[in-house]
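To start, the structure under review is shown below, and the notes come after it.
There are 2 protein chains.
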Amino acid sequence: MAVLAAANDEAGVGALDRLLAATADEMGKVNALILSRAESHVEMVPQLARYLIEAGGKRLRPMLTVAAALLFGKADGAQTNYAAAVEFMHNATLLHDDVVDDSDMRRGRPAARIIWGNPASVLVGDFLLGQAFLMMVETGKLDALGVLAKAATIIAEGEVFQLSKAKDVTTSEADYGEVIKAKTATLFQAAAEVGAIAGGADETGRAAMRTYGLELGLAFQIVDDVLDYRGESGAMGKNTGDDLREGKMTLPVILTLREANPAEREIIAASLGNVDTSESALAQVIAIMERHNAFGRSVEQARAHVGRARAALAGVPQSEMRNILSDIAEFYVSRAY
Amino acid sequence: MAVLAAANDEAGVGALDRLLAATADEMGKVNALILSRAESHVEMVPQLARYLIEAGGKRLRPMLTVAAALLFGKADGAQTNYAAAVEFMHNATLLHDDVVDDSDMRRGRPAARIIWGNPASVLVGDFLLGQAFLMMVETGKLDALGVLAKAATIIAEGEVFQLSKAKDVTTSEADYGEVIKAKTATLFQAAAEVGAIAGGADETGRAAMRTYGLELGLAFQIVDDVLDYRGESGAMGKNTGDDLREGKMTLPVILTLREANPAEREIIAASLGNVDTSESALAQVIAIMERHNAFGRSVEQARAHVGRARAALAGVPQSEMRNILSDIAEFYVSRAY
Numbered sequence: 467m468a469v470l471a472a473a474n475d476e477a478g479v480g481a482l483d484r485l486l487a488a489t490a491d492e493m494g495k496v497n498a499l500i501l502s503r504a505e506s507h508v509e510m511v512p513q514l515a516r517y518l519i520e521a522g523g524k525r526l527r528p529m530l531t532v533a534a535a536l537l538f539g540k541a542d543g544a545q546t547n548y549a550a551a552v553e554f555m556h557n558a559t560l561l562h563d564d565v566v567d568d569s570d571m572r573r574g575r576p577a578a579r580i581i582w583g584n585p586a587s588v589l590v591g592d593f594l595l596g597q598a599f600l601m602m603v604e605t606g607k608l609d610a611l612g613v614l615a616k617a618a619t620i621i622a623e624g625e626v627f628q629l630s631k632a633k634d635v636t637t638s639e640a641d642y643g644e645v646i647k648a649k650t651a652t653l654f655q656a657a658a659e660v661g662a663i664a665g666g667a668d669e670t671g672r673a674a675m676r677t678y679g680l681e682l683g684l685a686f687q688i689v690d691d692v693l694d695y696r697g698e699s700g701a702m703g704k705n706t707g708d709d710l711r712e713g714k715m716t717l718p719v720i721l722t723l724r725e726a727n728p729a730e731r732e733i734i735a736a737s738l739g740n741v742d743t744s745e746s747a748l749a750q751v752i753a754i755m756e757r758h759n760a761f762g763r764s765v766e767q768a769r770a771h772v773g774r775a776r777a778a779l780a781g782v783p784q785s786e787m788r789n790i791l792s793d794i795a796e797f798y799v800s801r802a803y
Numbered sequence: 467m468a469v470l471a472a473a474n475d476e477a478g479v480g481a482l483d484r485l486l487a488a489t490a491d492e493m494g495k496v497n498a499l500i501l502s503r504a505e506s507h508v509e510m511v512p513q514l515a516r517y518l519i520e521a522g523g524k525r526l527r528p529m530l531t532v533a534a535a536l537l538f539g540k541a542d543g544a545q546t547n548y549a550a551a552v553e554f555m556h557n558a559t560l561l562h563d564d565v566v567d568d569s570d571m572r573r574g575r576p577a578a579r580i581i582w583g584n585p586a587s588v589l590v591g592d593f594l595l596g597q598a599f600l601m602m603v604e605t606g607k608l609d610a611l612g613v614l615a616k617a618a619t620i621i622a623e624g625e626v627f628q629l630s631k632a633k634d635v636t637t638s639e640a641d642y643g644e645v646i647k648a649k650t651a652t653l654f655q656a657a658a659e660v661g662a663i664a665g666g667a668d669e670t671g672r673a674a675m676r677t678y679g680l681e682l683g684l685a686f687q688i689v690d691d692v693l694d695y696r697g698e699s700g701a702m703g704k705n706t707g708d709d710l711r712e713g714k715m716t717l718p719v720i721l722t723l724r725e726a727n728p729a730e731r732e733i734i735a736a737s738l739g740n741v742d743t744s745e746s747a748l749a750q751v752i753a754i755m756e757r758h759n760a761f762g763r764s765v766e767q768a769r770a771h772v773g774r775a776r777a778a779l780a781g782v783p784q785s786e787m788r789n790i791l792s793d794i795a796e797f798y799v800s801r802a803y
């Protein structure tokens with residue numbers, strides 16, 4: 467992978483600092499709103515919600531909403547609610563995903579379901595989803611609400627589709643594209659679009675941010691799927707090889723299976739969806755993937771999406787925020803190196 | 467119980483027929499919308515959703531929305547979307563509840579999670595919730611959306627609260643009241659209120675329907691909780707004694723424990739939350755409950771709520787629909803006889 471390490475990697479890291487600085491004031495309001503809206507007189511609700519929320523995560527999605535709002539220069543304040551709603555939708559999805567996937571770890575700590583159980587994780591996810599819609603309603607803008615409601619159904623559909631494809635070695639690249647578009651890129655797209663709405667963007671600006679968010683989300687998920695095999699558990703907050711053991715048909719597996727010989731296919735099939743896959747069996751699968759350059763080719767696809775995300779920004783006025791959004795796309799793909 | 471059988475039981479049964487007839491045209495549109503909105507290109511989504519939807523259920527909640535809209539005489543068509551959204555929210559809750567409670571049966575058939583698994587049940591529930599909000603957005607009315615979004619969070623909170631009280635023999639009547647208000651009555655209340663909004667009700671009319679829906683929902687849940695011990699599995703679509711085995715602190719248990727002697731308390735505590743409770747142990751618990759007239763006293767409370775529901779209707783203009791809504795409240799409590 468080192469050979470792919472881009473020269474603008476350093477510029478990318480700088481971009482994150484610049485994005486954090488440019489959105490710091492707004493994100494302060496968003497974080498306060500997130501904490502206050504996780505409150506409930508039912509103790510277990512804020513306990514569980516805060517456990518997940520305070521584990522942090524990158525807050526990339528709400529930051530995208532805020533950045534998009536500031537980009538168009540006429541931010542009216544609605545972005546605070548939208549950003550918090552986007553983060554709540556994301557957290558609701560994480561809670562439900564961990565139940566669906568029987569995951570033990572999330573953001574480097576035991577998953578909430580390990581501590582509070584599956585039932586509470588399902589229900590607190592529902593609570594966060596309800597709060598997300600309530601925060602949207604409070605802004606009084608139906609078009610933004612429609613964007614997020616539509617996203618909620620597409621995300622759930624995508625998760626079901628992914629579930630139906632688990633362990634299915636005939637899963638195509640197109641199927642994978644559909645899954646990651648629905649389950650990940652749709653929320654990035656919605657986050658960017660509702661930000662644009664709050665920022666007073668015209669239809670051209672909204673369309674540009676839709677494309678930017680979508681392509682950024684696709685790149686982000688492909689990189690995430692590569693890191694699942696290559697990252698370290700500590701950095702990722704998950705266990706390396708989780709996707710393999712859960713039978714998730716991600717791009718590195720699909721690309722490898724397409725070219726693997728019968729012996730290699732058999733080794734992969736034995737580990738796919740097998741929770742008891744050993745570390746040595748995982749290492750063997752990873753070696754096969756590297757032999758077929760599956761990680762390198764996956765990252766190349768991610769880079770192509772980043773290119774399209776950056777190109778979409780041509781549709782919005784030139785500004786420092788636009789430069790940051792362009793560079794940040796580069797940064798997120800650089801995580802894979 | 468026979469001694470409680472009210473003289474207006476027969477009028478009650480007639481009321482259901484009258485309600486069905488008065489809402490038939492509107493419910494035809496609602497049912498068509500429900501089926502079309504359960505569609506998805508991801509096969510498992512409509513399969514699972516239709517399995518639950520076609521099992522029927524009484525469609526009481528959407529019927530309440532439609533009836534409330536017609537009651538005020540200025541129904542503008544939005545009630546179709548609202549009613550379908552209410553039913554989707556209800557079905558989403560059922561899917562998640564069955565996962566939370568490990569339930570095997572629902573509406574007289576194996577629960578969806580037994581056929582498609584817990585993961586698909588969680589995700590299709592999320593899909594239905596998203597579709598519910600989308601249908602609300604399409605009507606373009608923010609106040610109705612706010613009512614349903616608020617209801618969604620309260621329902622989830624109530625379910626978490628119930629979960630935290632499972633097997634807790636110190637659960638009070640007030641705790642129980644809070645649980646059923648949140649998890650059941652809130653949706654009845656919202657169903658009636660959004661119907662009133664679609665019907666062009668003024669604030670007095672809306673407030674009347676809020677109270678009517680709330681009190682009807684409270685009565686409905688108390689009766690349901692009585693039937694869990696007294697109903698037959700076939701009629702209820704669930705197994706008799708499920709609540710006891712799941713450790714649910716419902717009104718009959720709470721009223722019994724308050725007056726039970728130590729020996730009786732011990733017998734109940736041994737079965738509460740014990741999935742292996744035998745039929746004979748269940749019969750023993752039921753005998754103790756009857757000794758303390760827990761079912762009769764529960765039904766009395768339900769009757770009091772029905773009285774308040776009917777009284778609330780004084781706030782809306784006299785009409786045949788108002789008579790039907792008054793009688794139907796009586797009918798639903800008559801199920802307990």
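Top to bottom, those sequences are chains A and B. Residues in the first sequence are numbered consecutively from 467, following our numbering. Residues in the second sequence are numbered consecutively from 467, following our numbering. In this text, a Cβ means the ideal position worked out from N, Cα and C, and glycines have one as well. Predicted model, so just to flag it, every value in this text is computed and none were measured.
(request) Anything in chain B within Cβ reach of residue 596 of chain A, meaning under 7 Å, just list it in chain order. (result) 615, 618, 619, 622
(message) Distance cutoff 8 Å, beta carbons only. Does residue 708 of chain A sit that close to anything in chain B?
(response) no
(message) Against chain A, does residue 717 of chain B count as a neighbour if the rule is that its beta carbon must be under 8 Å from one of theirs?
(response) no
(message) On the DSSP bridge list, what partners appear for residue 576 of chain B?
(response) B:571
(request) Output the distance between the C-alpha atoms of residue 647 of chain B and residue 624 of chain B, rounded to the nearest integer angstrom. (result) 8 Å
(request) Residues of the segment 509-531 of chain B with a CB closer than 8 Å to any CB of chain A: list them in chain order, please. (result) 509, 510, 511
(request) Output, in chain order, the set of chain B residues within a Cβ distance shorter than 7 Å of residue 586 of chain A. (result) 626, 629
(message) Contact criterion: CB-CB distance below 8 Å. Does residue 606 of chain A meet it with respect to chain B?
(response) yes
(request) Using a threshold of 8 Å, state whether the C-beta atoms of residue 642 of chain B and residue 720 of chain B are closer than that. (result) yes
(request) Give a yes or no on whether the C-beta atoms belonging to residue 488 of chain A and residue 665 of chain A are separated by under 8 Å. (result) no
(request) Return yes when the Cβ of residue 667 of chain A is within less than 8 Å of the Cβ of residue 552 of chain A, no when it is not. (result) no
(message) Helix, strand or coil, according to DSSP, for residue 739 of chain A in the structure here?
(response) coil
(request) Alpha carbon to alpha carbon, how far is residue 626 of chain A from residue 619 of chain A? Give it in angstroms, no decimals. (result) 11 Å
(message) For a cutoff of 8 Å on Cβ pairs, would you count residue 472 of chain A as touching chain B?
(response) Interpretation of residue 472 of chain A is limited by its pLDDT of 43, a score under 50 that renders its predicted location unreliable; the figure taken from the coordinates is listed afterwards. It does not: the Cβ of residue 472 of chain A has no partner Cβ on chain B nearer than 8 Å.
(request) For the alpha helix (DSSP H) holding residue 771 of chain A, just list the boundary residues, first then last. (result) 760-778
(message) For the alpha helix (DSSP H) containing residue 637 of chain A, name the first residue and the last one.
(response) Careful: residue 637 of chain A lies outside any alpha helix (DSSP H) and carries neither H nor E.
(message) So, with DSSP's three-state summary, where would you put residue 699 of chain B?
(response) With a pLDDT of 48 at residue 699 of chain B, under the threshold of 50, the predicted position of this residue should be treated as unreliable, and no value is reported.
(request) Specify, as a first and last residue, the run of the alpha helix (DSSP H) that residue 715 of chain B falls within. (result) It is not in any alpha helix (DSSP H) - residue 715 of chain B carries neither H nor E in the DSSP assignment.
(request) Would you mind sorting residue 574 of chain B into buried or exposed? The rule is 16 or more other CB atoms within 10 Å of its CB. (result) exposed
(message) Taking its Cβ as the centre, do 16 or more other Cβ atoms sit within 10 Å of residue 531 of chain B, making it buried, or is it exposed?
(response) buried
(message) Is it the case that the segment 672-692 of chain A contacts the segment 777-784 of chain A, given that we only count it when at least three CB pairs across the two stretches are under 8 Å?
(response) yes
(message) For residue 504 of chain B and residue 512 of chain B, which I take to be in contact (beta-carbon distance under 8 Å), what is that distance rounded to the nearest angstrom?
(response) 5 Å
(message) Can you tell me where the alpha helix (DSSP H) holding residue 784 of chain B begins and where it ends?
(response) From DSSP, residue 784 of chain B is part of no alpha helix (DSSP H); its letter is neither H nor E.
(message) Just verifying my parser: in three-state terms, what is the DSSP assignment at residue 507 of chain A?
(response) coil
(request) Could you tell me how far apart the beta carbons of residue 748 of chain B and residue 737 of chain B are, in whole angstroms, since I believe they sit closer than 8 Å? (result) 7 Å
(message) Can you pull out the residues from the segment 733-747 of chain B whose beta carbon lies closer than 7 Å to at least one beta carbon of chain A?
(response) none
(request) State the DSSP-derived secondary structure class of residue 724 of chain B, mapped to helix, strand or coil. (result) helix
(message) Does residue 727 of chain B pass the burial test, meaning 16 or more other C-beta atoms within 10 Å, or should it be called exposed?
(response) exposed
(request) Along the alpha helix (DSSP H) that carries residue 612 of chain B, what are the first and last residues, could you check? (result) 608-631
(request) Taking only the alpha-carbon atoms, compute the straight-line gap between residue 596 of chain B and residue 556 of chain B and give it to the nearest angstrom. (result) 13 Å
(request) Return no unless some Cβ of chain B is closer than 8 Å to the Cβ of residue 542 of chain A. (result) no
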